[in-house]
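Residues 1 to 375, numbered by the UniProt record's numbering, are exactly what the sequence shown covers, in order. Notes to accompany the following structure.
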Amino acid sequence: MVKKRVLLLSEGFGAGHTQAAHALSSSLRQLSPNVQTRVMELGSFLNPKMAPLIISAYRKTLTSQPRLIGYMYRHQKSFNRFTTLALHRIFYTSTKDVVRQLRPDVIVCTHFIPSAVISRLKRLGTNIPLCTVITDYDAHDTWISPEVDRYFVSTPEVKRKLLNRGVSHAKIQVTGIPIHPDFWEHPSKEEIREKFNLAAMPTVLVMGGGWGIMNDQVVHEYLTRWREEIQVIFCFGNNDKARIEMESNPRYRHPNIRIFGFTREVDKLMEVSDLLVTKPGGMTCTEGLAKGIPMLFHHPLPGQEEENFHYFIAQGLGEPISSLEVLGKWMNMLLNQYDEILMRRSRNLDNIQRYHPLQSARSIIDMLENEKVHS
Numbered sequence: 001m002v003k004k005r006v007l008l009l010s011e012g013f014g015a016g017h018t019q020a021a022h023a024l025s026s027s028l029r030q031l032s033p034n035v036q037t038r039v040m041e042l043g044s045f046l047n048p049k050m051a052p053l054i055i056s057a058y059r060k061t062l063t064s065q066p067r068l069i070g071y072m073y074r075h076q077k078s079f080n081r082f083t084t085l086a087l088h089r090i091f092y093t094s095t096k097d098v099v100r101q102l103r104p105d106v107i108v109c110t111h112f113i114p115s116a117v118i119s120r121l122k123r124l125g126t127n128i129p130l131c132t133v134i135t136d137y138d139a140h141d142t143w144i145s146p147e148v149d150r151y152f153v154s155t156p157e158v159k160r161k162l163l164n165r166g167v168s169h170a171k172i173q174v175t176g177i178p179i180h181p182d183f184w185e186h187p188s189k190e191e192i193r194e195k196f197n198l199a200a201m202p203t204v205l206v207m208g209g210g211w212g213i214m215n216d217q218v219v220h221e222y223l224t225r226w227r228e229e230i231q232v233i234f235c236f237g238n239n240d241k242a243r244i245e246m247e248s249n250p251r252y253r254h255p256n257i258r259i260f261g262f263t264r265e266v267d268k269l270m271e272v273s274d275l276l277v278t279k280p281g282g283m284t285c286t287e288g289l290a291k292g293i294p295m296l297f298h299h300p301l302p303g304q305e306e307e308n309f310h311y312f313i314a315q316g317l318g319e320p321i322s323s324l325e326v327l328g329k330w331m332n333m334l335l336n337q338y339d340e341i342l343m344r345r346s347r348n349l350d351n352i353q354r355y356h357p358l359q360s361a362r363s364i365i366d367m368l369e370n371e372k373v374h375s
């Protein structure tokens with residue numbers, strides 16, 4: 001039997017978009033042996049010299065001028081046509097050749113730039129079903145194109161935002177944000193602790209996102225006050241500089257403080273943790289949601305993180321770190337009201353089915369089996 005081919009396109013502007021593509025790829029292959037997947041960061045693939053420079057510049061702007069990023073987010077519509085046309089001509093002139101060579105049956109985009117590029121190719125005659133996965137709890141105008149055949153969105157609220165922007169009801173499916181299937185599993189905590197040499201005690205996981213850009217020294221030092229009674233795991237992602245600085249600081253040299261760089265086993269660290277301190281990125285929030293873990297949010301960046309932040313707080317799934325007193329309250333709960341923390345987690349897990357685990361992968365498989373998209 002000839003396998004159906006799914007091409008998943010992303011970009012490296014933040015780790016979450018590509019994580020979503022890989023997660024969806026894993027789910028597709030888990031659900032069907034007749035599906036072949038290929039994940040590609042399109043800009044990096046076509047321009048391996050130029051793309052990293054652009055991504056690096058974006059990352060520096062994100063950390064040094066967050067208000068500019070917020071302004072661009074709020075005014076996406078005015079940039080949309082010019083930007084996508086320019087990117088198409090400068091970086092993606094070979095996209096059509098890539099699509100012709102790989103011959104996918106469906107193209108899935110987890111970033112709005114490749115979605116816009118494939119939409120433009122469809123206007124020029126490419127006839128392949130296009131799915132766009134919106135990887136946050138908001139939707140801005142650059143995600144939207146008439147050539148998109150299916151939008152996979154996180155919540156009914158995001159669906160309403162697309163409807164208000166004129167997208168057909170039939171094109172939108174509420175599927176949740178795709179995360180790796182491992183996050184929906186609940187392996188033995190004892191085995192995980194043994195593997196990572198962790199203690200069986202109240203545990204806080206501090207994450208800096210896929211780029212590891214969160215580095216609030218005040219919060220980190222405050223958490224160490226409880227190091228005799230509460231285990232703290234710091235996960236810095238790709239921020240090797242911050243990780244090395246912490247490892248060299250005597251304050252963090254303690255058996256109950258563990259420091260990680262990049263790891264593919266975040267699901268296991270979340271499983272044995274009781275509280276997650278993080279920036280409100282769409283993927284990390286969804287991973288925490290799947291684990292049922294209560295979340296405390298650092299200052300969100302303007303734009304997508306702000307929208308994710310507001311959504312999770314409104315749903316009672318997270319709380320802002322508005323002051324160190326908030327951290328102190330949760331540390332005392334871990335010590336004196338641990339049963340309440342466990343009950344919160346149990347309630348969160350009872351509600352996660354409404355976020356549709358694996359639904360986006362099932363929808364793509366349905367499209368492949370039907371061989372055409374009804375829009």
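No residue lacks a Cβ here, since even glycine has one placed at the ideal position from N, Cα and C.
Where residue i sits in the DSSP three-state scheme
i    : result
R160 : helix
E307 : helix
R38  : strand
A3   : The sequence given here places Lys at residue 3; Ala does not occur at that position. Reduced to three states, the DSSP call for K3 is coil.
I113 : helix
L358 : coil
S94  : coil
I107 : strand
L9   : strand
Environment of residue i [buried if 16+ CB atoms lie within 10 Å]
i    : result
M343 : exposed
V218 : exposed
E369 : exposed
L287 : Looking at the sequence shown, residue 287 is not Leu but Glu. Buried: at least 16 other Cβ atoms inside 10 Å.
Q337 : exposed
D138 : buried
T155 : buried
D120 : Residue identity differs from the one stated: residue 120 is Arg in this sequence, not Asp. Classification for R120: buried.
E305 : buried
R123 : exposed
N348 : buried
K268 : buried
V266 : buried
S273 : buried
H186 : exposed
C-alpha distance - residue i paired with residue j, whole-angstrom precision
i    : j    : result
C235 : N164 : 39 Å
V153 : V98  : 27 Å
N238 : E245 : 13 Å
N34  : K4   : 6 Å
K189 : D350 : 19 Å
L327 : V206 : 12 Å
Q30  : C285 : 23 Å
I172 : W143 : 12 Å
I107 : C131 : 6 Å
A170 : R160 : 12 Å
D216 : T224 : 13 Å
G316 : I293 : 12 Å
P181 : H22  : 10 Å
D136 : S26  : 20 Å
L28  : F309 : 29 Å
S323 : L301 : 17 Å
G208 : N249 : 18 Å
Nearest-angstrom beta carbon gap, residue j and residue i [assumed within contact, 8 Å]
i    : j    : result
A20  : V167 : Wrong, their Cβ atoms sit about 20 Å apart, outside the cutoff.
L289 : I352 : 6 Å
L198 : R258 : 7 Å
Taking the runs of the alpha helix (DSSP H) that are 4 residues or longer, which of them lie wholly in the segment 314-347?
324-336
Quick one: which unbroken alpha helix (DSSP H) runs of 4-plus residues sit fully inside the segment 203-279? Chain order, please.
217-223, 240-247, 266-271
Can you list, in chain order, the stretches of the alpha helix (DSSP H) that have 4 or more residues and sit fully within the segment 133-186?
156-164
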